[in-house]
Amino acid sequence: MALYSYVSLDSDGTEHKGRIEADSPRHVAEQLRQRAQYMVSAELGDGSGFASGSPMAMLQVVLGKLAPRQYLPVRTTDLVFFFRQMNLMLGAGYTVVQSLEVAAKVIQRRRLARAVQRMADAIPGGISFAQAMAAEKRIFSPLMVSLVESGEVSGQLDYVMIRIAENLQRRIDLRNQLVSAITYPAIVVIIAIGVIWFMMAKVIPKFAAFFAHRGKDLPEITRFLVSVSDVIVDHGPTIALVVGMTVFVILVSYTFEKGKLYLDIFMLSVPIIGPTMRIYAASQFGTVFSTLLQSGFTAMEGMKVMAGVMQNAYYRRALFAAADEILRGHSVANSLNRKHIPILMQHMAAVGERSGELDTAMAEIGRFYQGQLDARVKTMVALTGPVLTLVVGGVVGLVYIAMMIAVFRASTTI
641 MALYSYVSLD SDGTEHKGRI EADSPRHVAE QLRQRAQYMV SAELGDGSGF
691 ASGSPMAMLQ VVLGKLAPRQ YLPVRTTDLV FFFRQMNLML GAGYTVVQSL
741 EVAAKVIQRR RLARAVQRMA DAIPGGISFA QAMAAEKRIF SPLMVSLVES
791 GEVSGQLDYV MIRIAENLQR RIDLRNQLVS AITYPAIVVI IAIGVIWFMM
841 AKVIPKFAAF FAHRGKDLPE ITRFLVSVSD VIVDHGPTIA LVVGMTVFVI
891 LVSYTFEKGK LYLDIFMLSV PIIGPTMRIY AASQFGTVFS TLLQSGFTAM
941 EGMKVMAGVM QNAYYRRALF AAADEILRGH SVANSLNRKH IPILMQHMAA
991 VGERSGELDT AMAEIGRFYQ GQLDARVKTM VALTGPVLTL VVGGVVGLVY
1041 IAMMIAVFRA STTI
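If you count by the numbering used here, then the sequence shown holds residues 641 to 1054, one letter each, in order.
And the structure:
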């Protein structure tokens, strides 16, 4: 078989271009007819101007396979592109298999393209789209699989595709906001630690030795800084080891369910960080839970799915317990009556249940808390930089003033 580049038209007159492996142009036409397309032209080769099998064509294939980007892990942006493309093709009347085959040829990330092609090959064997996705568990999350399964049952698979893409896009936007909020403060903190360490370990000891050689008494604030400097110089490696071990123990304990639960509960109680985590969880719950309800899930099923995808161990346990309460006959609003779950969410759930529009109420609460989160992140970005600058400037200024006081006192007693 050889590689052909083709141009075809579908029943709507839309032009399509692509590549296909076939024995002859007639074989190309037969394959295109199976896709409900009419072949306009077919040329031997990949459309680059080089014949298939020629040295230049082979070189292009080799260089394409050597491109490092193809072998990198699948990113969330790759999944957004995939689900948007699936929504477009399913909405245009393509079958799932046809959509997957086209997507596999267009996707540049090699791992995702291979996974999509495996799904396209597996579905004709008698499994569903959701089952094929579940087999690719390294790429597609259980939430995606559950939503696709509900879309297949309800016949709204194209709608589910765009909702998944929108949820993933919101996650990307939030991550970018958090990265932008953390990057500048992190750089300032690193520089501050370096400056403070240099002054404490190198500058202050030289000043202290100079004044000790002169036999001058140091002011109280200068003696305090000299004492801190002595501790850093004498016990710096020990302090660094203790801090490193503490961080290591925290990270290791976070890999265990009970340790993760205690740490997540602690973080929810920390000022600034805790309220931000609660707002983020409320936004995620409202947005995704409404999508599950609109896709045909019952409140109990949606609650269990949400519990499985929540990253915070406390909220995961709370939502599993809420699902059990719903099963026993409690309302969604009563099941959400728990610590660290906003009261507004409970009230909105009660309103949604009374009106029979719980999905709409949850979507509204998701949008509300998403707006709250955006505003909070912007405020943190605006305030964190100046606050850290003041702290660093204050420390450096304190060292400078302490040294200048000592110098002036020494000069006046000569």
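Cβ coordinates follow ideal geometry from the N, Cα and C atoms, glycine included. Predicted model only: the values in this text are computed from it and were never measured.
Which residue marks the beginning of the alpha helix (DSSP H) containing residue i, and which one marks its end?
| i | result |
| --- | --- |
| Ala662 | Careful: Ala662 lies outside any alpha helix (DSSP H), inside the beta strand (DSSP E) at Glu655 to Ala662. |
| Lys745 | Val736 to Val746 |
| Glu792 | Pro782 to Ser794 |
| Val668 | Pro665 to Gln674 |
| Arg749 | Taken as a continuous stretch (DSSP letters only), Arg749 belongs to no alpha helix (DSSP H), as it is neither H nor E. |
| Arg724 | Thr716 to Gly731 |
| His987 | Ile983 to Ser995 |
| Asn977 | That residue, Asn977, is in no alpha helix (DSSP H); it is neither H nor E in DSSP. |
| Phe769 | Phe769 to Ala775 |
Between the alpha carbons of residue i and residue j, how many angstroms are there, rounded?
| i | j | result |
| --- | --- | --- |
| Gly970 | Glu789 | Contrary to the premise, residue 970 reads as His rather than Gly in this sequence. Their backbone Cα atoms lie some 27 Å apart in a straight line. |
| Val720 | Glu806 | 8 Å |
| Ser688 | Arg666 | Any reading at Ser688 must be qualified, since the residue scores a pLDDT of 47, below 50, and its modelled position is unreliable; the value itself is stated next. Each residue's Cα considered, the two are about 21 Å apart. |
| Gly996 | Val1035 | 59 Å |
| Ala662 | Asp650 | 20 Å |
| Val1047 | Val1027 | 30 Å |
| Leu1023 | Phe888 | 30 Å |
| Leu787 | Gly884 | 42 Å |
| Lys657 | Val647 | 5 Å |
| Val668 | Arg659 | 10 Å |
| Val949 | Ile802 | 19 Å |
| Ile747 | Asp718 | 8 Å |
| Ile872 | Ser935 | 60 Å |
| Tyr824 | Val882 | 27 Å |
| Phe864 | Leu1038 | 11 Å |
| Ser869 | Pro845 | 7 Å |
| Gly693 | Val819 | Annotation note: pLDDT 49 at Gly693 (below 50); position unreliable, coordinate value reported separately. C-alpha separation (whole angstroms): 47 Å. |
| Ile890 | Asp904 | 11 Å |
| Phe722 | Leu752 | 9 Å |
| Ile830 | Ile822 | 12 Å |
Is residue i near residue j, with beta carbons less than 7 Å apart?
| i | j | result |
| --- | --- | --- |
| Ala743 | Val756 | yes |
| Arg675 | Gln725 | no |
| Phe838 | Met1043 | no |
| Ser768 | Glu792 | yes |
| Leu797 | Leu728 | no |
| Met1002 | Phe929 | yes |
| His980 | Leu1030 | no |
| Val972 | Ala947 | no |
| Ile912 | Tyr1009 | no |
| Gly1006 | Gly942 | no |
| Ala958 | Arg978 | yes |
| Ile779 | Val714 | yes |
| Pro915 | Ile1045 | no |
Can you tell me which of the three DSSP states residue i falls into?
| i | result |
| --- | --- |
| Glu683 | strand |
| Val883 | helix |
| Thr1029 | helix |
| Tyr644 | strand |
| Ser692 | Because Ser692 sits at a pLDDT of 46, beneath the cut-off of 50, its placement in the model cannot be relied upon, and the following sentence gives the value as read from the coordinates. The answer is coil: DSSP assigns Ser692 none of H, G, I, E or B. |
Using a Cβ-based criterion (distance less than 6 Å to any ligand heavy atom), does residue i qualify as near the ligand SAH?
| i | result |
| --- | --- |
| Val871 | This structure simply doesn't include the ligand SAH, nor any ligand for that matter. |
Determine, using beta carbons only, whether residue i comes closer than 7 Å to chain C.
| i | result |
| --- | --- |
| Ala1003 | As a matter of chain content, chain C is missing from the structure shown, which is built from one protein chain. |
Next item on the list: Mind listing, in chain order, the continuous beta strand (DSSP E) runs of no fewer than 3 residues lying wholly within the stretch 909-957?
Entry: none
Note to self: Threshold first: 4 residues or longer. Then list the alpha helix (DSSP H) segments lying entirely within the stretch 830-859, N to C.
What the structure shows: 844-854
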